[in-house]
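If you read the sequence shown in this note's numbering, its first letter stands for residue 91, the second for the next number, and so on.
Don't be surprised by glycine CBs; every beta carbon is placed ideally from N, CA and C.
As structure tokens, the structure follows; a few thoughts come after it.
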Amino acid sequence: YYRSSYVFVTRKDVPEITSFNDPRLRDLHIGVQLIGDDGANSPPVQALGRRGIVGHLIGFPVYGDYSAPNPPARIIEAVANGDIDMAVVWGPLAGYFASRQKVALRITPVSPRVDGPQLPMIYDISMGVRRGDDTLRSEVNAALTRHRAEIDAILAAYQVPRLDPVGAP
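Okay, structure coming up:
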């Protein structure tokens, strides 16, 4: 279907960050997505923690307070407003909200793509069907193939960052 990743979000008027190994991260105020109150954190939070980059992390709930519009946008707005220096955000969310800010923002896929032995920063987005329903699976696959150009246009319109699938040229 498509593949995306976590991304670094920065203002375009500051130097680009491309890796969790960048020493400048230690001095930056970094917005991160927090998943819940059970201690489970997103892969970027774990990657920063593994490097001891924890002193200036600012958490933004993934789910947020829906009494105000677009709670997931808060982390991107904080970068645009200069409240934080950068954010590490799930790419599809970041691309959409970053493109709607008044300040030009930069979206950079994180590196490394896999941190440590089992911490992926990239994910394939897919659809599933009931086990054994080969007819429906074939129909869905055929529809995705038939409508590939339309799907790509929609993803591009929403500024969803996409990576080439494994093995693609």
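How would you label residue i, buried or exposed, when you count the other beta carbons within 10 angstroms and need 16 or more for buried?
i, result
"residue 143", "buried"
"residue 103", "exposed"
"residue 226", "exposed"
"residue 157", "exposed"
"residue 94", "buried"
"residue 194", "exposed"
"residue 149", "exposed"
"residue 113", "exposed"
"residue 246", "exposed"
"residue 122", "buried"
"residue 204", "exposed"
"residue 244", "exposed"
"residue 162", "buried"
"residue 105", "exposed"
Measuring only the C-alpha atoms, how far is residue i from residue j?
i, j, result
"residue 223", "residue 231", "12 Å"
"residue 146", "residue 118", "7 Å"
"residue 133", "residue 240", "31 Å"
"residue 198", "residue 108", "6 Å"
"residue 234", "residue 251", "19 Å"
"residue 202", "residue 191", "27 Å"
"residue 218", "residue 92", "14 Å"
"residue 171", "residue 228", "47 Å"
"residue 253", "residue 181", "10 Å"
"residue 183", "residue 189", "10 Å"
State the start and end residues of the unbroken alpha helix (DSSP H) segment that holds residue i.
i, result
"residue 94", "Run containing residue 94: none in the alpha helix (DSSP H); it sits in the beta strand (DSSP E), 92–101."
"residue 187", "181–188"
"residue 214", "Element bounds for residue 214: not the alpha helix (DSSP H) but the beta strand (DSSP E), 212–215."
"residue 236", "224–236"
Could you please give the first and the last residue of the uninterrupted beta strand (DSSP E) stretch that includes residue i?
i, result
"residue 133", "First-last for residue 133: 133–140, but that is the alpha helix (DSSP H), not the beta strand (DSSP E)."
"residue 174", "Looking at the DSSP string, residue 174 is not in any beta strand (DSSP E), and its letter there is neither H nor E."
"residue 152", "Segment: none, residue 152 is in no beta strand (DSSP E) and carries neither H nor E."
"residue 159", "No beta strand (DSSP E) contains residue 159, which DSSP labels as neither H nor E."
"residue 122", "120–124"
"residue 105", "Here residue 105 belongs to no beta strand (DSSP E), and DSSP marks it neither H nor E."
Going by the DSSP bridge assignment, what does residue i pair with across the sheet?
i, result
"residue 250", "According to DSSP, residue 250 bridges with nothing at all."
Cβ pair count under 8 Å reaching 3, the segment 176–183 against the segment 92–100:
Segment contact: the segment 176–183 against the segment 92–100, three or more CB-CB distances shorter than 8 Å; contact assigned.
Would you call the segment 210–219 in contact with the segment 147–155, where contact means no fewer than 3 C-beta pairs closer than 8 Å?
For the pair of segments examined, the segment 210–219 was found not to touch the segment 147–155: the number of CB pairs separated by less than 8 Å stays below three.
Given 8 Å as the limit, is there contact between the segment 234–251 and the segment 165–173, that is, 3 or more CB pairs closer than that?
No, the segment 234–251 is not in contact with the segment 165–173.
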